[in-house]
Structure formats: structure tokens, C-alpha cells
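Chemist: Heads up: the protein sequence lines correspond to chains A and B, in order. All residue numbers for the first sequence refer to this note's numbering, where the first residue is 6 and numbers rise by one. All residue numbers for the second sequence refer to this note's numbering, where the first residue is 285 and numbers rise by one. Below is a structure I'd like to ask you about.
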Amino acid sequence: MPKFEPVLSRNWNDPEILSVKRYESKGGYAASRKALTTMSPDQVVDLVKASELRGRGGAGFPTGLKWSFLPKDRKETFMCVNGDESEPATFNNRYLVEKDPHQFIEGILIGCFATRASTAYVYLRFEYIKAIKILEQAIAEARAAGHLGKNIYGSGFDLEIWCHRGAGAYICGEETGLIESLEGKRGWPRIKPPFPAIEGAFRKPTVVNNIETLACVPHIVERGADWFKSMGTPKSYGPKLYTISGQVNKQVCVELPLGVTTNQLIEEHGGGVWKGRKAKAAIPGGISMGLLTKDEFDVPLDFEEIRKTGCLGLGTAAVTVLDETTRIIDYLYNTSRFFAHESCGQCTPCREGTGWLYKTIKRIRDGGGRIEDLDLMNHLANNMGITPGTTICGLADGAAWPIKNAIAKYRPELEQFIRENVNPAARIAPVQEAISAGRSPLPSNTSMFVPGIGIAKSATS
Amino acid sequence: MTPTTLPTPRMIPDSLRQKIESYVPRYPNKKAVTLPALHMVHSHFRCVPYQAMKEIAEILEITPAEVADTMSFYGFFPQAPLGDVRVWICRSISCMLRGGDELLEHACKNLNIEPGQTTADGKLTVEFAECLGICDHAPAALSDDGRVFGPLDESSLQKMLDDLRKGPIPLEEL
């Protein structure tokens with residue numbers, strides 16, 4: 006295989022690249038000029054379709070196809086750029102904005118031209134304080150240099166880009182949650198359909214794209230669809246930013262063609278597992294995805310192959326490594342705590358379900374677990390989310406997947422943990438046990454005061 | 285005698301009001317300026333009190349309830365000022381795997397507060413965070429002036445707390 010030349014990260018070692026002059030001197034904004042002055046919007050859409058670029062935000066939806074869903078007779082279109090990046094262990098978008106903002110702005114420009122959007126909102130999470138500052142500066146410079154504003158390059162196309170800061174909510178990374186948040190409301194996802202392409206921000210046709218997806222676009226325009234498809238694996242083409250974190254020696258963000266393996270990432274880029282230990286498992290792309298066992302570390306990390314391992318997908322390609330000493334129950338405790346905290350509260354199965362899963366896992370971890378809790382959690386996990394059709398968005402699916410996945414892959418370990426960690430103080434109260442067993446919650450020959458009823462006596466004896 | 289209510293003096297100064305109004309042309313309607321306005325008011329007062337919510341509502345021609353509804357959804361906006369510096373210690377997966385939970389506990393114990401509380405001298409508020417997106421620094425922390433800390437251990441955590449108690453540093457100097 007020929008050596009991989011970095012594409013998205015090629016300028017990351019150049020601190021001067023933050024200035025528009027420097028970026029232009031390295032051939033920047035040539036692709037946007039080419040698109041706006043020599044191509045029609047539909048030609049750009051067709052080119053991106055031909056490149057088979059798939060969205061880098063997590064779902065891997067084909068970008069060109071998404072753009073083509075916009076109604077042909079639309080009058081106004083909005084572009085929303087999703088920089089909420091809140092999936093735990095993911096930080097590649099931050100690198101893209103902090104280290105090469107003009108590449109990203111050029112991507113927005115071409116994306117907006119293709120979709121005929123004259124306003125783009127970049128929704129960035131508030132935690133990216135430095136990135137927001139760099140981006141706002143870069144937008145101002147790009148406008149002054151004529152890459153944004155009215156009649157760009159004399160093509161008659163206008164574009165304004167505005168930064169919109171989030172305020173600390175995971176759910177605002179869901180595209181309709183993001184739109185609601187942008188409109189100044191609670192970040193509650195909308196019922197679909199209508200999809201954003203038909204009715205999105207301010208009830209107008211809207212495209213929501215991830216930062217990395219848009220950053221790929223200038224390169225496709227410049228070097229063509231065939232070049233883009235020369236990298237990666239079937240159905241997963243192009244370069245990808247992988248992040249490696251957790252129990253490895255080096256926590257880094259690296260750019261590689263789609264389809265590298267977990268082993269390669271750990272050994273060649275992550276400096277091996279930390280403390281001289283061996284790996285036990287890895288999360289392939291954010292905690293919603295589930296776990297890869299160490300036997301699955303040779304599976305290509307792309308959009309297709311990864312699903313065959315029982316993981317939800319590639320997600321954000323944020324690889325998190327667990328070493329051999331890490332207990333699966335601790336991993337589950339962390340993921341379930343996250344989702345219980347981040348459920349937006351709109352749909353009951355998710356709001357209550359994530360809380361129940363967290364409490365159950367916490368009880369098991371504290372030593373109050375029962376073997377049947379595993380089936381109970383599976384049952385609960387299978388009934389929350391858009392797959393069973395009980396919630397509006399996919400947060401519950403992401404909350405349920407790591408649990409289903411861990412019970413399927415690590416059941417013996419979890420059962421052994423429950424058997425060996427018994428702490429009577431952590432067990433569920435007898436009343437709850439009685440109810441779950443279908444008995445009267447009251448011990449025999451006892452009575453208690455029930456408001457509105459008076460003295461209630463137990464039904465038995 | 286007719287009951288009278290004392291007029292509450294305006295708290296949002298004119299300069300801030302103009303800054304909020306300057307965001308209106310960016311969006312098709314005024315309500316969309318709610319989050320930017322909350323951010324601006326927050327960075328001015330370091331909190332968003334009820335009176336400020338009412339004034340934001342007046343500027344944006346929406347009801348105070350709508351502002352409160354939006355604001356209360358996000359974890360970022362306190363209604364009363366927090367410490368001079370606010371620091372988030374991450375507890376999500378990459379940080380947890382490298383001791384983030386213990387560091388949070390350690391920091392709170394050391395300062396004699398619970399997560400979410402402010403030190404008695406009003407200098408520092410410590411909160412937990414779900415993934416801050418700085419996992420290359422895990423276990424990591426972020427202060428609200430934009431400083432990133434990590435990878436932390438017990439001694440660098442102590443140094444971080446000492447540094448933070450000296451007060452915020454403007455982003456330009458970072």
C-alpha cells in the first residue's frame with residue numbers, strides 16, 4: 006500500500022495557517038473559487054454524490070444524497086454545521102477548527118453553494134472556548150478577503166456564516182435538537198418526518214452537516230471523486246480522523262484512510278496499552294457504539310465491517326481503549342450515568358429508562374445485583390429507542406446499545422461479578438423485591454398507614 | 285389605597301442591550317437570539333438573574349417564561365453568581381478510565397465542597413462535566429476562562445486548584 010498522505014490534517018503543524026493569507030498561499034480557497042466560478046450547484050452535488058462521501062458525524066449517511074433531498078422549488082435554505090461534538094472521547098472536530106479553520110470555512114462555502122444556502126450557522130459547543138475564538142477570527146478574515154459576503158468571486162452567490170454557541174447539552178448534537186436550540190428553545194428533538202431537508206431551521210429547508218464532512222468537500226472538488234475513492238474500504242471512502250484515548254500511552258488524533266484496525270491504532274499511533282498491560286476491549290467510536298472485544302481488534306474500522314461485530318457502527322471513530330484490569334461493570338456504570346444525565350427528558354421510555362438502567366447498574370456495582378437483573382436490563386434496553394419505536398430520537402438507542410452489547414459479549418464476567426460481590430446493604434429493599442415477585446409488599450401480620458385509605462393490613466395469614 | 289409596585293431598575297446596561305440587538309439581523313426571528321443573549325448576559329454578570337431574563341424577553345419580544353424555559357434546559361446558566369473561576373472536571377469515559385472520578389472527589393474533598401459548590405472565599409466553583417472534548421488531555425479539566433488542564437494527577441490537580449484560585453486569565457494571554 007502506498008504511504009498515506011494526510012489530507013485534512015496536512016496543515017496542522019503550521020501555526021501560521023490560521024491566517025487567510027497563509028492558507029491562500031498554500032492553495033487554499035482554490036477549490037471554492039473553482040466550484041463557484043466554473044460549476045453549477047447541481048454539479049457540485051453530483052460530484053459529492055459520485056465521491057460517495059459519507060457523513061462523519063456518526064450515522065454515516067451519504068452527504069450528496071442528503072443534499073439532493075432538498076425540494077427543487079425552495080426559496081430559502083439554511084446550512085447548520087454540527088459542531089456540538091459531545092459524544093464522549095470525541096475531539097476531532099475541535100482539532101479541525103483550532104488547527105485549520107479556513108479549510109473548514111472553505112468546506113462550508115462549497116457546501117452552501119451546492120445547497121444554495123446563503124446563511125450558515127456553526128453550532129459549536131460552549132466548551133470549545135479557544136476554537137470559537139479562532140473560528141470567529143477566521144470568519145472575519147475570510148469575509149475581509151472576499152471569500153464570504155455578497156457576490157463572492159463575482160458569481161452572484163452570497164453567504165454569511167454565524168457562530169452559535171451551545172450551552173452544555175449532549176442532545177443538541179441530534180440534528181433536530183440542534184435546530185430547536187438554534188431557534189432559541191430547549192434542545193428537544195423533533196418528530197420526523199418532516200426531515201430537516203424539507204422543514205428544518207425556522208421551518209425552512211435545512212442541511213445539517215458535520216464539521217469533518219464539510220472539511221472533506223474542498224478536497225473532493227479540487228482532486229475529484231476518483232481520488233477520494235482511492236482511499237478507504239468498499240462503501241467507506243476517504244480519509245478519516247481517528248481519535249485514540251483511554252488506557253493507552255499516547256492520546257492522539259490521527260488521520261488515516263477509513264478502514265484501519267484497532268490494533269494498528271493502538272500499536273502504531275497510541276503507543277501501545279498503558280502501564281505495559283494488555284488490552285481487554287475498545288469502544289470503536291463513542292460510548293453509544295458498544296465494545297469490540299480484543300479478538301475483534303483486526304476488524305476494519307469503517308462504516309460497514311464494524312456493524313458485523315455487534316457494534317452500533319463506526320460512530321465518531323473515537324477509539325477508547327480498556328486495559329485488562331478494567332471491569333466491564335465500571336464501563337457500564339460510566340456509560341449509563343452519562344446517558345441518564347444527558348437524556349433530554351422529552352420521551353418517557355428514555356427519561357425513565359436511562360435512569361433505571363443507571364440505578365440498576367449502580368446497585369450491581371455496589372454489590373446488590375441479582376443474576377436476573379441482566380435479563381431485566383436487556384428487556385428494558387430492547388424497549389427504548391427509535392428501533393422499537395418508542396422515542397423521538399436515537400439517544401435511547403445509544404444508551405441501550407452498550408448495555409445489550411456488553412451483556413451479549415461479557416455475560417460470564419458480569420454474572421461472576423454479581424456472584425462474587427455481595428453486599429446486603431446494597432440489595433433492593435424487601436418491599437421492592439416483594440412487588441417484583443408479585444407478592445404483597447407487607448410482611449405477614451403487619452399493618453401500615455396508607456394515606457387516604459387508613460390502616461392497611463397484609464393480605465397473607 | 286391602590287397597591288403599588290416599586291419599579292425595578294433596569295440591570296442590563298445600554299451597551300449590552302445594543303450588543304444583543306446587533307445579533308438580531310443574523311436570524312430570521314428574534315427568539316433565536318435567546319441563547320446568544322443569555323451568553324452575553326452571563327459573561328457580563330457571571331449569572332442570569334430573573335430580572336435579566338425579563339429584560340432579555342423584552343428586547344427579543346418574547347415572554348420571560350420562554351427565556352426561562354430555554355435557559356433552564358441548559359446546564360450552563362446559573363441564576364446567582366458562582367465563584368470567580370468555574371472549573372469543570374471531566375467524568376466521562378476516557379477521563380474515568382484514567383482516574384477522573386477520583387480526581388473530582390479529591391478536588392472537592394481538598395476544597396471542602398461538593399461538586400457544583402463554590403469555595404467559602406468565593407474564588408472557585410468546581411463542577412463535574414460530561415465529556416469536555418479534550419480527551420487528548422484525559423483526565424482533564426477546563427476552566428471557564430478557556431484554560432485546559434491535563435493529563436492530571438494528584439499533584440498537578442493541586443497545582444491547578446492553586447492556580448485557579450489566583451483568578452481568571454483573559455483568553456488573549458493563553
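Glycine residues also receive a C-beta, built at the ideal position from the N, C-alpha and C atoms.
(1) From this set, A/V436, A/A40, A/T120, A/N98, which residue's C-alpha is nearest A/E260's C-alpha?
(2) Between which two residues does the alpha helix (DSSP H) holding A/E347 run?
(3) Taking the beta carbon of B/H421 as the centre, do at least 16 other beta carbons fall within 10 Å, making it buried, or is it exposed?
(4) Buried or exposed for B/L455, please, with buried defined as at least 16 other CB atoms from any protein chain shown within 10 angstroms of its CB.
(5) Please list, in chain order, all residues of the same chain as A/L183 whose beta carbon is under 8 Å from its beta carbon, the five residues on each side excluded.
(6) Is the region 409-420 of chain B touching the region 368-383 of chain B, taking contact as three or more C-beta pairs under 8 Å?
(7) Would you check if the distance between the CB atom of B/A364 and the CB atom of B/L441 is smaller than 9 Å?
(8) Around the Cβ of A/F74, are there at least 16 other Cβ atoms within 10 angstroms (buried) or fewer (exposed)?
(9) Does DSSP put A/V265 in a helix, a strand or coil?
(10) Straight-line CA distance for A/A149 to A/W406?
(11) For A/P93, count neighbouring Cβ atoms within 10 angstroms of its own Cβ and tell me buried if that reaches 16, exposed if not.
(12) Around the Cβ of A/T353, are there at least 16 other Cβ atoms within 10 angstroms (buried) or fewer (exposed)?
(13) Against chain B, with Cβ distances strictly below 9 Å, would A/R148 count as a contact?
(14) CB-CB under 6 Å to A/T321, same chain, minus the five flanking residues each way: which ones, in chain order?
(15) On the premise that A/I110 lies in contact with A/I144, defined as a C-beta separation below 8 Å, what is that separation, rounded to the nearest angstrom?
(16) Suppose contacts are defined by Cβ-Cβ distances below 9 Å. Is B/I343 in contact with B/I397 by that definition?
(17) Less than 9 Å between CB atoms is the rule here; does A/Q252 satisfy it with respect to chain B?
(18) So if I threshold CB-CB distances at 8 Å, which residues from the region 153-186 of chain A count as touching chain B?
(19) Taking the straight line between their C-alpha atoms, what separation do you get for A/E10 and B/S378?
(20) Following the continuous alpha helix (DSSP H) through A/K367, name the residue where it begins and the one where it ends.
(21) Do A/Y247 and A/V265 have their C-beta atoms within less than 9 Å of each other?
(22) When you compare the CB of A/T325 with every CB in chain B, is at least one pair closer than 9 Å?
(23) DSSP on A/L400, reduced to helix/strand/coil?
(24) State the Cα-Cα distance for the pair A/K39 and A/R61, rounded to the nearest angstrom.
(25) A/L263 and A/M236: beta carbons closer than 9 Å?
(26) If we ignore side chains and look at the alpha-carbon of each, how far apart do A/G112 and A/E57 end up?
(27) So B/I418 contacts chain A; which residues on that side make the cut at Cβ distance below 7 Å?
(28) Around the Cβ of B/R382, are there at least 16 other Cβ atoms within 10 angstroms (buried) or fewer (exposed)?
(29) Can you list the residues of chain B that A/S91 reaches, using a CB-CB cut of under 8 Å?
(30) What residue range does the alpha helix (DSSP H) around B/I418 cover?
(31) Who are the near neighbours of A/N428 in its chain, counting only those whose CB is closer than 8 Å to its CB and skipping five residues on each side?
(32) Of all the CB atoms in chain B, is at least one closer than 9 Å to the CB of A/D335?
(33) Along chain A, in chain order, which residues have C-beta atoms closer than 7 Å to that of B/F361?
(34) Is there a Cβ of chain B sitting closer than 9 Å to that of A/H346, yes or no?
(35) Leaving out the 5 sequence neighbours to the left and right, which residues in its chain are closer than 6 Å to A/C398 when beta-carbon positions are compared?
Modeler: With the given structure in hand:
(1) A/N98
(2) 333-347
(3) Flag for B/H421 reads buried.
(4) exposed
(5) For A/L183, where only same-chain residues beyond five positions count, the Cβ hits under 8 Å are C85, N87, D89, Y128, C177, G192, V213.
(6) yes
(7) Contact check for B/A364 against B/L441 fails: the beta carbons are separated by 9 Å or more.
(8) exposed
(9) coil
(10) 47 Å
(11) buried
(12) exposed
(13) no
(14) G63, E92, T95, G290, G291
(15) 6 Å
(16) no
(17) At least one chain B Cβ lies under 9 Å of A/Q252.
(18) E165, W167, H169, R170, G171, A172, G173, A174, Y175, S186
(19) Distance between the alpha carbons of A/E10 and B/S378 is about 29 Å.
(20) 353-368
(21) yes
(22) yes
(23) Helix, per DSSP.
(24) 24 Å
(25) yes
(26) Rounded to whole angstroms, the gap between the alpha carbons of A/G112 and A/E57 is 16 Å.
(27) Residues of chain A passing the Cβ test: F96.
(28) buried
(29) E414, C415, G417
(30) From DSSP, B/I418 is part of no alpha helix (DSSP H); its letter is neither H nor E.
(31) D371, G372, G373
(32) yes
(33) A172
(34) yes
(35) E179, P194
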